[in-house]
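Chemist: Keeping their order, the protein sequence lines are chains A and B.
Just so you know, we're using our numbering here: the first sequence kicks off at 3 and counts up by one.
Just so you know, we're using our numbering here: the second sequence kicks off at 3 and counts up by one.
Shown below is the structure under consideration.
There are 2 protein chains.
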Amino acid sequence: MIFTAPRYRFTVPPMREAAAPESRPYHHGDLRRALIDAARRLLEQEGPTALSLRAVAREAGVSPAAPYHHFKDKGELLDAVAHEGWEMLNQALTAARAKAVSLHEKMAGLGVAYVLFARDNPSLYRVMYDGSRDKEDLPTQMRMKDDSAYCQVRDTLVEAGADPTDEIALELATTAAWCAAHGLAEMASFKSFDHLKEAVGGEEAFFHGVFEHMQVFAKDKAD
Amino acid sequence: MIFTAPRYRFTVPPMREAAAPESRPYHHGDLRRALIDAARRLLEQEGPTALSLRAVAREAGVSPAAPYHHFKDKGELLDAVAHEGWEMLNQALTAARAKAVSLHEKMAGLGVAYVLFARDNPSLYRVMYDGSRDKEDLPTQMRMKDDSAYCQVRDTLVEAGADPTDEIALELATTAAWCAAHGLAEMASFKSFDHLKEAVGGEEAFFHGVFEHMQVFAKDKAD
DNA sequence: TTTTTCATTTGAACGATGCTTAGATACCAC
DNA sequence: GTGGTATCTAAGCATCGTTCAAATGAAAAA
Chain A
3 MIFTAPRYRF TVPPMREAAA PESRPYHHGD LRRALIDAAR RLLEQEGPTA LSLRAVAREA
63 GVSPAAPYHH FKDKGELLDA VAHEGWEMLN QALTAARAKA VSLHEKMAGL GVAYVLFARD
123 NPSLYRVMYD GSRDKEDLPT QMRMKDDSAY CQVRDTLVEA GADPTDEIAL ELATTAAWCA
183 AHGLAEMASF KSFDHLKEAV GGEEAFFHGV FEHMQVFAKD KAD
Chain B
3 MIFTAPRYRF TVPPMREAAA PESRPYHHGD LRRALIDAAR RLLEQEGPTA LSLRAVAREA
63 GVSPAAPYHH FKDKGELLDA VAHEGWEMLN QALTAARAKA VSLHEKMAGL GVAYVLFARD
123 NPSLYRVMYD GSRDKEDLPT QMRMKDDSAY CQVRDTLVEA GADPTDEIAL ELATTAAWCA
183 AHGLAEMASF KSFDHLKEAV GGEEAFFHGV FEHMQVFAKD KAD
């Protein structure tokens, strides 16, 4: 049985606008924070290809060498950005799960929320995933934290009737759901699917439709 | 000028089956072919991050500007590499489908063959996918050609009993299978799954296990 | 208050990248 | 041969990630 763990910080610190020159106890104040914000701003506005370390420093109003006192290299900055992305994703899934009524809605809602997050934050999602891909591991917070997407999917599967004592089957099913969501998240933007989206009545309906053809999201398994 | 052997030409040891050097109507022969081979060689040996246009030119034994007479830019070279990757993938799926006996084996075999291809050609798979992602479209050969992965999955679903007249459901199911395979292909290398792979008796069994938890790969749907 | 300390930030520099331009090279048709 | 032309090289531009000695300035020590 899953215990409700204390939820500490539920919200990712919101991006600050560009220069906020009020209080700067040190030279810049909190340059680390400012660099992460600048990176997320650039990511949102210019896309992942435009995200150079020098551009981030420029955006933060600082010299190209300044970031190296707060991050070992470019990858470490991206890791920090990705970390906030994972927290945002966890929040989105928590909200989707809370909103759902039936068990089937919970599973489908989780999947759709996952894909919607990727659709609404395409550049951030790519950074999140590229970071974990290069490390050949899922970020720690995705599997360890109680509100991680992985745990939420697994718990929901148990609620939906999965045998919690068959750990292997449970992990396989969770992985299957994860793969399905990730696969759809990465392919959803392909123009090839435009006609399908229209045919089923919109993008969200398309996501539901795809998930309904996967066993872990099937209604007969939930109730 | 010092009379030495030309520095750039004829210096490529054909580590692999280098493109037939019989006919070289021009300076290098078929530099386009040599560049693609060099790119694939680098991709295999050094990984995707080491794949710079200059490094490809170096590997092919030509100057950094030479590739621009055969490819508009770096992306066009990668497109050519990706194209060959898709053809290899289609071949792998064709072989897997031919080998399968039962209908269920055909679907599962297709999925596993897809993931195995990605596992065995990780860098190539990434280039294949990044190329189509940036264009926001699946490569033409994946949906148009008769032996494309998409068509093979769709046809196999029909063989397995899907209603060929319900085009929307058929496309949704095909897409679902595709997403599942792609998602697993991209996550299969995560170390987080090592214990699961071991628990189920190997990597291939792990792939089968994940697919068996998705409806489109479920046995009860096939027969 | 003055001085010292030391993290923070800068400016300059290095090697490497993608790409462009101008010119040299060598194949082919004549 | 000669000329035309596709092919390739050389050199250069702007940008990138990264390093390092110097400069800056907040905080602690005097």
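The C-beta atom is built at its ideal place from N, Cα and C for all residues, glycine as well.
Pick from A175/A, D165/A, L79/A, Y116/A: whose alpha carbon is nearest that of H210/A?
Modeler: Reading the first sequence from its first residue, position 208 is the one you call residue 210/A. Of the listed residues, the one whose Cα sits closest to H210/A is Y116/A.
Chemist: I'd like to know whether the C-beta atoms of V229/A and L112/A end up nearer to each other than 7 Å.
Modeler: The requested residue 229/A does not occur in the structure, where chain A is confined to residues 3 to 225.
Chemist: Is there a Cβ of chain B sitting closer than 7 Å to that of D139/A, yes or no?
Modeler: Here residue 139/A corresponds to residue number 137 of the first sequence, with the count starting at 1. Judged by the 7 Å Cβ criterion, D139/A is in contact with chain B.
Chemist: So, with DSSP's three-state summary, where would you put P50/B?
Modeler: By 1-based counting over the second sequence, the position of residue 50/B is 48. In this structure, P50/B counts as helix in the three-state DSSP scheme.
Chemist: Rounded to the nearest angstrom, what separates E24/A and S65/A at their Cα positions?
Modeler: Here the question's residue 24/A lines up with position 22 in the first sequence. Here the question's residue 65/A lines up with position 63 in the first sequence. With a pLDDT of only 42 at E24/A, under 50, the local geometry of the prediction cannot be trusted, and no value is derived from it.
Chemist: When the cut-off is 7 Å and only beta carbons count, does K193/B lie next to chain A?
Modeler: Position 191 of the second sequence holds residue 193/B. So, interface residue.
Chemist: Does DSSP classify F192/A as helix, strand or coil?
Modeler: Taking the first residue of the first sequence as 1, we reach residue 192/A at position 190. Looking at F192/A - three-state DSSP - the assignment turns out to be coil, as it is neither helix nor strand.
Chemist: For S104/A, tell me which candidate among D165/A, S150/A, L159/A, R121/A has the shortest Cα-Cα distance.
Modeler: Here residue 104/A refers to the residue found at position 102 of the first sequence. The residue from D165/A, S150/A, L159/A, R121/A with its alpha-carbon nearest to that of S104/A is L159/A.
Chemist: Does the beta carbon of Q47/B come closer than 7 Å to any beta carbon on chain A?
Modeler: What you label residue 47/B is simply residue 45 of the second sequence in a count that begins at 1. For Q47/B, no Cβ of chain A is located within less than 7 Å of the residue's own Cβ.
Chemist: Give the straight-line distance between the Cα atoms of V202/A and E86/B, rounded to the nearest whole angstrom.
Modeler: Start at 1 with the first residue of the first sequence, and residue 202/A comes out as number 200. Start at 1 with the first residue of the second sequence, and residue 86/B comes out as number 84. Distance between the alpha carbons of V202/A and E86/B: 34 Å.
Chemist: Residues in its own chain within less than 7 Å of A68/A by CB, not counting five upstream and five downstream?
Modeler: By one-based count along the first sequence, residue 68/A stands at place 66. L33, A59, listed in sequence order.
Chemist: If you draw a straight line from the alpha carbon of M146/B to that of H197/A, how long is it in whole angstroms?
Modeler: Within the second sequence, numbered from 1, the residue matching residue 146/B stands at position 144. Within the first sequence, numbered from 1, the residue matching residue 197/A stands at position 195. Roughly 15 Å separates the two Cα atoms.
Chemist: Please specify which runs of the beta strand (DSSP E), each continuous and at least 3 residues long, are wholly inside the region 53-129 of chain A, giving them in chain order.
Modeler: Secondary structure within the region 53-129 of chain A: not one fully enclosed beta strand (DSSP E) run of 3 or more consecutive residues is present.
Chemist: Examine the Cβ distances between the region 176-183 of chain B and the region 169-176 of chain A and report whether three or more of them are shorter than 8 Å.
Modeler: No: the two stretches stay apart, fewer than three of their Cβ pairs being nearer than 8 Å.
Chemist: Which bits of chain A does M216/B rub up against, with CB to CB less than 7 Å?
Modeler: Taking the second sequence and counting its residues from 1, the one referred to as residue 216/B is at position 214. Ordered by position in chain A, the residues that pass the 7 Å Cβ test against M216/B are A178, A182, M216, Q217, V218.
Chemist: Let me check understanding here. Comparing Cα to Cα, which of V114/A, D75/A, S125/A, F119/A lies closest to E46/A?
Modeler: The residue given as residue 46/A occupies position 44 in the first sequence. For the residues V114/A, D75/A, S125/A, F119/A, the minimum Cα distance to E46/A belongs to S125/A.
Chemist: If we define contact as Cβ-Cβ less than 7 Å, is L172/A a contact residue for chain B?
Modeler: Counted from its first residue, the first sequence places residue 172/A at position 170. Answer no: the Cβ-Cβ gap between L172/A and chain B never drops below 7 Å.
Chemist: Taking only three categories from DSSP, how would you classify L140/B?
Modeler: By one-based count along the second sequence, residue 140/B stands at place 138. Correct three-state label for L140/B: coil.
Chemist: Quick check on the burial criterion: 16 or more other C-beta atoms within 10 angstroms. Buried or exposed for K193/A?
Modeler: One-based indexing of the first sequence puts residue 193/A at position 191. Exposed: under 16 other Cβ atoms inside 10 Å.
Chemist: Check whether chain A comes within 7 Å of L186/B, counting only Cβ atoms and requiring the distance to be less than that.
Modeler: On the second sequence, position 184 is the one that residue 186/B refers to. Closer than 7 Å: yes.
Chemist: Would you tell me roughly how many angstroms separate the C-alpha atoms of A182/B and G31/B, rounded to the nearest one?
Modeler: Within the second sequence, residue 182/B is the residue found at index 180, counting from 1. Within the second sequence, residue 31/B is the residue found at index 29, counting from 1. Rounded to the nearest angstrom, the two C-alpha atoms are 43 Å apart.
Chemist: In the structure shown, what three-state DSSP assignment does S150/B receive?
Modeler: Translated into positions along the second sequence, residue 150/B becomes position 148. S150/B: coil per DSSP, three-state reduction.
Chemist: Quick one: is R42/B buried, meaning 16 or more other Cβ sit within 10 Å of its Cβ, or exposed?
Modeler: Within the second sequence, the letter at position 40 stands for residue 42/B. Sixteen is the threshold: when 16 or more other Cβ atoms of the shown chains lie within 10 Å of the Cβ of R42/B, as they do, the residue is buried.
Chemist: Measure the C-alpha to C-alpha separation of S191/A and D148/A and round it to an integer number of angstroms.
Modeler: For the purposes of this step, residue 191/A is identified with residue 189 of the first sequence, where counting begins at 1. For the purposes of this step, residue 148/A is identified with residue 146 of the first sequence, where counting begins at 1. So the alpha carbons of these two residues sit roughly 30 Å apart.
Chemist: For V212/A, would you say it is in contact with chain B, using Cβ-to-Cβ distances shorter than 7 Å as the test?
Modeler: By 1-based counting over the first sequence, the position of residue 212/A is 210. At a cut-off of 7 Å between C-beta atoms, V212/A counts as an interface residue with respect to chain B.
Chemist: Does chain B have any CB closer than 7 Å to the CB of L112/A?
Modeler: On the first sequence, residue 112/A is found 110 positions in, with the first residue counted as 1. No, because no Cβ of chain B sits closer than 7 Å to the Cβ of L112/A.
Chemist: Buried or exposed for D122/A, please, with buried defined as at least 16 other CB atoms from any protein chain shown within 10 angstroms of its CB.
Modeler: Here residue 122/A corresponds to residue number 120 of the first sequence, with the count starting at 1. Exposed.
Chemist: Could you list the residues in the region 143-168 of chain B with a C-beta less than 7 Å from some C-beta on chain A, going in chain order?
Modeler: R145
Chemist: Could you give the residue range of the alpha helix (DSSP H) that holds H2/B?
Modeler: In this structure chain B extends from 3 to 225, so residue 2/B is not present and cannot be described.
Chemist: Could you name the residues of the same chain whose beta carbon sits closer than 7 Å to that of L37/B, not counting the 5 residues immediately before and after it, in chain order?
Modeler: Position 35 of the second sequence, counted from the start, is the residue given in the question as residue 37/B. Around L37/B: V58, A62, P69, H72, L79.
Chemist: When the distance is taken between beta carbons, is F219/B closer than 7 Å to M130/B?
Modeler: The sequence position of residue 130/B within the second sequence is 128, counting from 1. The sequence position of residue 219/B within the second sequence is 217, counting from 1. No. Outside cutoff.
Chemist: Contact defined as beta carbons within less than 8 Å: I believe P166/A pairs with A84/A. What is the distance between those atoms, to the nearest angstrom?
Modeler: What you label residue 166/A is simply residue 164 of the first sequence in a count that begins at 1. What you label residue 84/A is simply residue 82 of the first sequence in a count that begins at 1. That pair is no contact at about 31 Å.
Chemist: For L53/B, would you say it is in contact with chain A, using Cβ-to-Cβ distances shorter than 7 Å as the test?
Modeler: On the second sequence, position 51 is the one that residue 53/B refers to. No, no contact with chain A.
Chemist: Name the chain A residues whose beta carbon is nearer than 8 Å to that of L198/B?
Modeler: Reading the second sequence from its first residue, position 196 is the one you call residue 198/B. Here the neighbours are I170, E173, L174, T177.
Chemist: Quick one: Cα of T51/A to Cα of A162/B, how far?
Modeler: By one-based count along the first sequence, residue 51/A stands at place 49. By one-based count along the second sequence, residue 162/B stands at place 160. C-alpha separation (whole angstroms): 43 Å.
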